[in-house]
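The block underneath contains the structure these notes are about, expressed in C-alpha cells.
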Amino acid sequence: MHPQIIQDGPGKCPLCGMSLVPIAKSTSHGGHEVHSSGITDFKKRFYVVLVLAVPIMLLSEMIQHWLNIHISFQGSSYVLLILSSIVFFYGGWPFLKGLVGEMRAKNPGMMTLVAFAISVAYIYSVAIVLGLNGMDFFWELATLILIMLLGHWIEMKSVAGASRELELLVQLMPDDAHLINGDIITEVKTDSLKENDVILIKPGEKVAADGFIVDGESYLNESMLTGESKPVEKSKGDKVIAGAINGNGAIKVSVSHGVKDSYLSQVIKLVQNAQKTKSTTQLIADRAARWLTLIAIVAGITTFSVWYLSGKDLAFSVERMVTVIVICCPHALGLAVPLVVAKSTALSAKHGLLIKNRTAFENARKITMLVFDKTGTLTVGKFEVAKIVSLTEGLSENESLKYAAALEQNS
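When we follow my numbering, the leftmost residue of the sequence shown carries the number 6, and every step to the right adds one.
Here's what the structure looks like:
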C-alpha cells in the first residue's frame, strides 16, 4: 500500500491497485459514515487464511516432524495443494494485484517483493506435488501470506486512524439547517445550501454556513476556529463563520457561498493538501525504498545462484532466496514517513496549527523561541471557572458551589 496516495473519492491506488481507505469524513455532509471496505477486506482475507493455515501446517512434513506426529492419507498431498492454492490466490491476491500495478507504474516496491516471494514458493511447491524431487513450501507460503495480511491490515488501520483528527474538524459543521422561504421554515441538509439562501440560527445551535447576518444579534463562540476565547458580538451586517456556536439570540443569516467553499472546508482542504505534499525527507525515503526493492530482488536471485551452484539442492536454495527477499522488504521505510506526515498534520490541525508547507514544518525543530502577538489567543476552546468571589459575607466557596450545583440540577 502507498499511504501518500490521496484522492477526493473512493477508488484504487494507481501504484499498486489496492482499494483506497477513507481518511476523513466528507465535507459535503451527505453523511458521516466512514467506509472502511479496504480494512474489512484485509481482515476477512486474514481470517480465511488463518483457518486454512491450520490444516496446511498439520499436513506438512516438517511441522509433523517438529510436533512428532504423523498425519497421512491417500491424496493428502493434493488436499494440501488445493488448500494452499486457495491461500495463494485468495489471500495473496492483493499482493499479486499490487505487483501488476507497480509494474505498470514502473515503480517496483513492497508489493513486488511480497508477490515475487509467494509466487516462487507456490510454483516450486506445485512442481514438488507434480513429481519434482524435494520438499514443498506450502506451510511457509501460508504463514508468509498470513503475516503479510496481518501487517497490511494493521498498516491500513494505522493510516486511516492517522487522519481521524480531521473528522473532528468536520464535526464542527451541522448536518441540517433551517431554511427560510417567506414565512415557511424548512429543515434542509447543509450541503444543499447555496448563495443568497437565508437560514435561521437558533440559540445554542452551530452556524450552518458562512454568511452575513440580515436580522437579529447575538454573541458567537468562534474559539474553535479563531482561537479567541471570548464570544464575539454579532449584529446585522456582520460576517459569521460556519461551525461557530450561536449564543442566546436567534439570528437570520444570508449564505455567502456553499458548504464546499466555506472557511472550515478550506481549512480541511488545506490540511489534506499538506498531507499530500512530500517533504525532502519523504522524497529521500521513497527513493531509498525503491532502490531497496531492486537490491532485495537482486540479492535474492544472487543467493539462490550461489547456494545452488555450490552444490546445495533446489529446495535449500529456493528457501534461502525467498527468505532474503522477504527480510529485505522495505515495509517499515515505506510506511513510517507517510504515517508520520499524516499523523503530525492531523494532530496539528486538531490543536489549531495549520501546516501549509511540509518542509517548513520539518525545519520547525530548529525553532528556539515563539512570539505571539497578543494575549487571549492561546486557548483550549473551553471555558472554566478560574475564581469564585462571594458578595455575601460568611458564604464560603464550598457553600457557593453547593448552591450553584443545586440550581444547575434541573437547568
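Built from N, CA and C at the ideal position, the CB exists for glycine as well.
- Bridge partners of Val237 according to DSSP: Leu225.
- Note that the C-beta distance between Pro179 and Thr195 is below 8 Å.
- Burial of Asp215 is indicated by the presence of at least 16 other C-beta atoms within 10 angstroms of its C-beta.
- Thr298 is the residue among Lys235, Ile87, Thr298 and Ala132 whose C-alpha sits nearest the C-alpha of Leu104.
- Taking the C-beta atoms as reference points, Phe142 is found no nearer than 8 Å to Val119.
- In the three-state reduction of the DSSP assignment, Glu402 falls in the helix class, which pools H, G and I.
- Annotated three-state conformation of Asn251 is strand, per DSSP.
- In this structure, the alpha-carbon of Leu406 lies about 50 Å from that of Thr364.
- If the five residues before and after Trp71 are omitted, its C-beta is found closer than 7 Å to no C-beta atom of its own chain.
- Around the beta carbon of Phe94, a 10 Å sphere encloses fewer than 16 other beta carbons of the protein chains shown; the residue is thus reported as exposed.
- Counted as a single uninterrupted DSSP element, the beta strand (DSSP E) harbouring Val219 occupies residues Gly216 to Asp220.
- Secondary structure note for Val329: its alpha helix (DSSP H) is the uninterrupted segment Leu319 to Ile332.
- If one requires a minimum length of 4 residues, the alpha helix (DSSP H) runs lying completely within the stretch 132–216 are 143–167 and 169–175, in chain order.
- The criterion of a C-beta distance shorter than 8 Å is satisfied by Lys241 and Ile218.
- Considering only Trp296, Glu398, Phe366 and Ser310, the residue with the shortest C-alpha distance to Lys111 is Trp296.
- One thing to note: Lys162 has its Cβ no nearer than 8 Å to the Cβ of Ile250.
- The continuous alpha helix (DSSP H) containing Val84 extends over residues Ser81 to Ile91.
- By the neighbour-count definition (other C-beta atoms within 10 Å, threshold 16), Glu413 is an exposed residue.
- Residue pairing from DSSP places Ser259 in a beta bridge opposite Val203 and Phe217.
- Annotation: the continuous alpha helix (DSSP H) that includes Glu367 extends over Arg363 to Asn368.
- Counting of Cβ neighbours within 10 angstroms places Asn403 among the exposed residues, the total staying below 16.
- Here DSSP, grouped into helix, strand and coil, assigns Val245 to strand.
- By the neighbour-count criterion, in which a residue is buried when 16 or more other Cβ atoms sit within 10 angstroms of its Cβ, Phe47 is buried.
- Contact between the stretch 317–324 and the stretch 122–139 is established, with three or more Cβ pairs separated by less than 8 Å.
- Only residues of its own chain outside the window of five on either side were considered, and among them His183, Leu184 and Leu205 have a CB closer than 8 Å to the CB of Ile190, listed in chain order.
- Between Val134 and Ser82 a beta carbon distance of about 5 Å is seen, short of the 8 Å cut, so the two are scored as contacting.
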